[in-house]
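Undergrad: Can you keep this structure in mind? I'll have questions shortly.
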Amino acid sequence: MPRRSLTPDDFVEAALAIAARAEPDGLSGRVIGDELGVDRSAVWRHFSDRDALLRAVGDRLMQLALQQVPANLAPRERLRAAGRNVVETFVAYPYVGSQIASRTLQGPGEMAMVEFTLDAIREIGVPHDLVAKYQRMLADTMLSYASMRAALALLPADIRAADEQAWMGLYATAPAEQYPAIAAHVFDLAVVTNDEILDNLINALLAVVDSVIEKSTGREE
1241 MPRRSLTPDD
1251 FVEAALAIAA
1261 RAEPDGLSGR
1271 VIGDELGVDR
1281 SAVWRHFSDR
1291 DALLRAVGDR
1301 LMQLALQQVP
1311 ANLAPRERLR
1321 AAGRNVVETF
1331 VAYPYVGSQI
1341 ASRTLQGPGE
1351 MAMVEFTLDA
1361 IREIGVPHDL
1371 VAKYQRMLAD
1381 TMLSYASMRA
1391 ALALLPADIR
1401 AADEQAWMGL
1411 YATAPAEQYP
1421 AIAAHVFDLA
1431 VVTNDEILDN
1441 LINALLAVVD
1451 SVIEKSTGRE
1461 E
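Residue numbers 1241 to 1461, in the working numbering, belong to the letters of the sequence shown in order.
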């Protein structure tokens, strides 16, 4: 039975499978070719270069994150869910996630995510002329945090553990007379979790959005 012709989606899915295993060089023609059992040159018949492939795979991450947002949520909860999903997806595919946060992906996944977040911010009640500004604020902050977490996920486990333990090592023994603020908060810093940081970050961003709505409502009155 003749093998079906491979499509660009096949190569993107293969790249995602490699990225999920946190393998370096997952966007090379050789590695993707081996994954699909085809010649290494096959991928470049569908993508002009590695950057085009990277953007396509990154765009699929946006689709995956958006697909996980439950239906029928209120707009604020939609934004919360989307933010968490972007971070989780970047961490799940760290070699891709760490590279795409600063890029414009130019694909349907990114377009759908921008449409989704603009619509949610509009529904919350942000004035029309400020919707784009606050969409960018929310998106850029979430993407930056997601990229940082993805880069952290790429570190060897022993290095990550050493970094995390520094709060109770170096920082805990820092001279209090020289670093009084650290001494006062070092144990609190040690127990802050990534989930807490993400939740508080989203809450802070939404608080800014709410303040804009309140000021706008006050002006109208």
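Glycine is no exception: its CB is placed at the ideal position from the N, C-alpha and C atoms.
Alpha carbon to alpha carbon, how far is K1455 from R1362? Give it in angstroms, no decimals.
TA: Here residue 1362 refers to the residue found at position 122 of the sequence shown. Here residue 1455 refers to the residue found at position 215 of the sequence shown. Rounded to whole angstroms, R1362 to K1455 spans 16 Å at the Cα level.
Undergrad: Report the residue ranges of all alpha helix (DSSP H) runs contained in full by the stretch 1261-1325; include only those spanning at least 4 residues, in chain order.
TA: The qualifying runs are 1269-1276, 1290-1307.
Undergrad: Where does Q1375 land, buried or exposed, given buried means 16+ other C-beta within 10 angstroms?
TA: In the sequence shown, residue 1375 corresponds to position 135, counting from 1. Answer is buried; the Cβ neighbour count reaches 16.
Undergrad: By Cβ distance below 6 Å, which residues in the same chain neighbour L1429 in space, the five residues on each side in sequence not counted?
TA: Within the sequence shown, numbered from 1, the residue matching residue 1429 stands at position 189. Counting only Cβ-Cβ distances below 6 Å, and skipping sequence neighbours, we find W1407.
Undergrad: Considering only C-alpha positions, which residue in the set P1315, M1353, P1348 is nearest to V1326?
TA: The sequence position of residue 1326 within the sequence shown is 86, counting from 1. When only C-alpha atoms are compared, the closest one is M1353.
Undergrad: Tell me whether M1372 sits in a helix, a strand or coil according to DSSP, three-state version.
TA: Within the sequence shown, the letter at position 132 stands for residue 1372. A quick correction: the sequence has Ala, not Met, at residue 1372. Residue state, collapsed to three classes: helix.
Undergrad: Take the Cβ of M1302 as the centre, count every other Cβ of all protein chains shown within 10 Å, and call the residue buried at 16 or more, exposed below.
TA: In the sequence shown, counting from the first residue as 1, residue 1302 sits at position 62. Classification of M1302: buried, given that the 10 Å Cβ count is 16 or more.
Undergrad: Classify A1424 as helix, strand or coil using the three-state DSSP reduction.
TA: Residue 1424 sits at position 184 when you count from the first residue of the sequence shown. DSSP places A1424 in helix when its eight states are reduced to three.
Undergrad: Return helix, strand or coil for E1363, following the three-state DSSP convention.
TA: What you label residue 1363 is simply residue 123 of the sequence shown in a count that begins at 1. E1363 falls in the helix class under three-state DSSP.
Undergrad: Using the C-alpha atoms, what's the distance from A1332 back to F1427?
TA: Start at 1 with the first residue of the sequence shown, and residue 1427 comes out as number 187. Start at 1 with the first residue of the sequence shown, and residue 1332 comes out as number 92. Distance between the alpha carbons of F1427 and A1332 is about 29 Å.
Undergrad: Should L1294 and I1340 be called a contact, given that it needs their Cβ atoms to be closer than 8 Å?
TA: For the purposes of this step, residue 1294 is taken as the residue at position 54 of the sequence shown. For the purposes of this step, residue 1340 is taken as the residue at position 100 of the sequence shown. Taking 8 Å as the Cβ cut-off, L1294 and I1340 qualify as a contacting pair.
Undergrad: Whose C-alpha, out of T1329, I1272, A1314, is nearest the C-alpha of A1393?
TA: By one-based count along the sequence shown, residue 1393 stands at place 153. It is T1329.
Undergrad: Using CA atoms only, rank isn't needed, just tell me which of L1246, P1310, M1351, L1345 is closest to D1291.
TA: Here residue 1291 corresponds to residue number 51 of the sequence shown, with the count starting at 1. Per the Cα distances, L1345.
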